[in-house]
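Going by this note's numbering, the final residue of the sequence shown carries number 238, and the count climbs one at a time with no gaps.
Backbone N, C-alpha and C fix where the C-beta goes; we use that ideal spot for every residue, glycine too.
Since this is a predicted model, take the numbers as computed values, not measurements.
Read through the structure below, which is laid out as structure tokens, and then see the notes.
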Amino acid sequence: MALLLVMLAAVLPAQADMTSEILENFGLTQTEADAFAALVEEKGTALTATDILTLLESFPDEDMAPEGTLLGNVYTDPNGVTVQVPEGWHVLEERMGMTVMLMGPADETTGFAPTIGVLVLDEPNPEFDTADQTYWDSFYGLFLENYRCVSFEESTYQDTTAHTLTLTYGQPQEAGILQRQMYFNKNDRAYVITLTALAKEEAQADALEVFEEFLAGFLPYEELGQG
12 MALLLVMLAA VLPAQADMTS EILENFGLTQ TEADAFAALV EEKGTALTAT DILTLLESFP
72 DEDMAPEGTL LGNVYTDPNG VTVQVPEGWH VLEERMGMTV MLMGPADETT GFAPTIGVLV
132 LDEPNPEFDT ADQTYWDSFY GLFLENYRCV SFEESTYQDT TAHTLTLTYG QPQEAGILQR
192 QMYFNKNDRA YVITLTALAK EEAQADALEV FEEFLAGFLP YEELGQG
């Protein structure tokens, strides 16, 4: 699943006593947050953090229509981030607190659909400049089943230093998951751009190609005079 689910695992309790205030920080209205908290309570205290995230993944189903502007394949979200929507993909606006989330065609065998999520934070995150592979191994290893780091690289992107972590998790025989996450700070904001796809070779190759094309067409706020 997209990076936000992993970020949620870092802040949400594994018990069912989650508060609506926490949920509101991830894009839910007060009404939605209260409803979700009630749903978790109904399920019982035996829920793990993973169980809670699975519930949150599809909640709520309504109000998912894009609210930005789509001209051809170029989508601009209400706050000014511009992305190029890959062919066959569509936009899910502000899903679970993401600034922009795109979803691709579902796999014919598993039904799993790849996603690209863009998360923009209002302030730079110092850890994005300093965290190494050991840091992320420790972080994700707490929440992701069978976590494995495939690669960790530093590069220049959007004229700033970026780091890219590629990882896999889940059960390979049950369609293991691959994520590639690029994170960077730029002009007083922090960005996380995440691809989530099936780890199987053909699906992985196709998704990574789409992701590279997406990165090439991405425009942060600053490039649009929003900084």
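### Query
In whole angstroms, what separates the C-alpha of Glu-213 from that of Phe-222?
Reading the sequence shown from its first residue, position 202 is the one you call residue 213. Reading the sequence shown from its first residue, position 211 is the one you call residue 222. The straight-line gap from Cα to Cα measures roughly 14 Å.
Can you look up Leu-34 in the DSSP assignment and give me helix, strand or coil? Working through the sequence shown from its first residue, we reach residue 34 at position 23. Residue placement at Leu-34 cannot be trusted, given a pLDDT of 49 that sits under 50; what the coordinates show is reported in the next sentence. In this structure, Leu-34 counts as helix in the three-state DSSP scheme.
Measuring CB atoms only, is the segment 84-96 touching the segment 225-233, in the sense that at least three cross pairs come out at less than 8 Å? yes
In three-state terms, what does DSSP make of Leu-153? The residue you call residue 153 lines up with position 142 of the sequence shown. Residue state, collapsed to three classes: coil.
What does DSSP give as the partner residues of Met-193 in its beta bridges?
For the purposes of this step, residue 193 is identified with residue 182 of the sequence shown, where counting begins at 1. The partner list for Met-193 (beta bridge, DSSP) reads Thr-175 and Ile-204.
Let's test the definition: count the other Cβ atoms within 10 Å of the Cβ of Glu-224 and tell me whether it reaches 16, buried, or not, exposed. Taking the sequence shown and counting its residues from 1, one reaches residue 224 at position 213. Answer is exposed; the Cβ neighbour count stays below 16.
Exercise for review: Just the C-alpha distance for Gly-236 and Asp-88, rounded to the nearest angstrom, thanks.
Suggested key: Here the question's residue 236 lines up with position 225 in the sequence shown. Here the question's residue 88 lines up with position 77 in the sequence shown. Because Gly-236 carries a pLDDT of 47, less than 50, the predicted location of this residue cannot be relied on, and the following value inherits that uncertainty. C-alpha separation (whole angstroms): 14 Å.
Classify Glu-165 as helix, strand or coil using the three-state DSSP reduction. Stepping through the sequence shown from its first residue, residue 165 is reached at position 154. Residue state, collapsed to three classes: strand.
Next on the checklist: Taking the beta carbon of Leu-153 as the centre, do at least 16 other beta carbons fall within 10 Å, making it buried, or is it exposed?
Outcome noted: Taking the first residue of the sequence shown as position 1, residue 153 is located at position 142. By the 10 Å Cβ count, Leu-153 comes out exposed.
### Task
Can you say whether Leu-113 is buried or exposed, counting buried as having 16 or more other CB atoms within 10 angstroms of its CB?
In the sequence shown, residue 113 corresponds to position 102, counting from 1. Looking at its Cβ environment, which holds 16 or more other Cβ atoms inside 10 Å, Leu-113 is buried.
- Val-221, enclosing alpha helix (DSSP H) - first and last residue: On the sequence shown, residue 221 is found 210 positions in, with the first residue counted as 1. Its alpha helix (DSSP H) spans residues 212-228.
Open item on the list: Out of Arg-191, Gly-187 and Phe-163, which one is the CA nearest neighbour of Lys-211?
Closed with: Reading the sequence shown from its first residue, position 200 is the one you call residue 211. Among Arg-191, Gly-187 and Phe-163, the Cα nearest to that of Lys-211 is on Gly-187.
Please list, in chain order, all residues of the same chain as Asp-140 whose beta carbon is under 8 Å from its beta carbon, the five residues on each side excluded.
The count along the sequence shown starts at 1 and reaches residue 140 at position 129. Only Thr-172 and Asn-196 meet the Cβ criterion.
How long is the line joining the alpha carbons of Cys-160 and Met-109, rounded to whole angstroms? Within the sequence shown, numbered from 1, the residue matching residue 160 stands at position 149. Within the sequence shown, numbered from 1, the residue matching residue 109 stands at position 98. Distance between the alpha carbons of Cys-160 and Met-109: 23 Å.
May I ask you to report which of helix, strand or coil DSSP gives Tyr-232? Here residue 232 corresponds to residue number 221 of the sequence shown, with the count starting at 1. Coil.
What separation, rounded to the nearest whole angstrom, lies between the Cα atoms of Glu-220 and Arg-191? One-based indexing of the sequence shown puts residue 220 at position 209. One-based indexing of the sequence shown puts residue 191 at position 180. Cα to Cα, the separation comes out at about 12 Å.
Exercise. Quick one, are the C-beta atoms of Leu-130 and Val-203 less than 9 Å apart?
Worked result: Taking the sequence shown and counting its residues from 1, the one referred to as residue 130 is at position 119. Taking the sequence shown and counting its residues from 1, the one referred to as residue 203 is at position 192. Yes.
What is the DSSP secondary structure of Thr-80, counted as helix, strand or coil?
Here the question's residue 80 lines up with position 69 in the sequence shown. Strand.
| alpha helix (DSSP H) containing Thr-141: first to last residue? | Here residue 141 refers to the residue found at position 130 when the sequence shown is read from its first residue. Residues 138-141.
Cβ of Thr-175 within 9 Å of Cβ of Glu-164? As a first step, residue 175 is located in the sequence shown; it is residue number 164 there, counting from the start. As a first step, residue 164 is located in the sequence shown; it is residue number 153 there, counting from the start. Yes. Within cutoff.
Original post:
Roughly how many angstroms separate the alpha carbons of Tyr-168 and Phe-150, rounded to a whole number?
Top reply: As a position in the sequence shown, residue 168 is number 157, starting the count at 1. As a position in the sequence shown, residue 150 is number 139, starting the count at 1. The alpha-carbon atoms of Tyr-168 and Phe-150 are separated by roughly 24 Å.
Check your understanding: What is the residue span of the beta strand (DSSP E) that Leu-182 lies within?
Key -> Here residue 182 refers to the residue found at position 171 when the sequence shown is read from its first residue. For the record, residue 182 in the displayed sequence is Gln; it is not Leu. Unbroken run through Gln-182: none, as it is neither H nor E.
**Q.** Distance between Leu-155 and Ala-20 (C-alpha atoms, nearest Å)
**A.** Position 9 of the sequence shown, counting from 1, holds the residue named residue 20. Position 144 of the sequence shown, counting from 1, holds the residue named residue 155. Caution is warranted here: a pLDDT of 40 is assigned to Ala-20, below 50, making its placement in the model unreliable, and no coordinate value can be reported.
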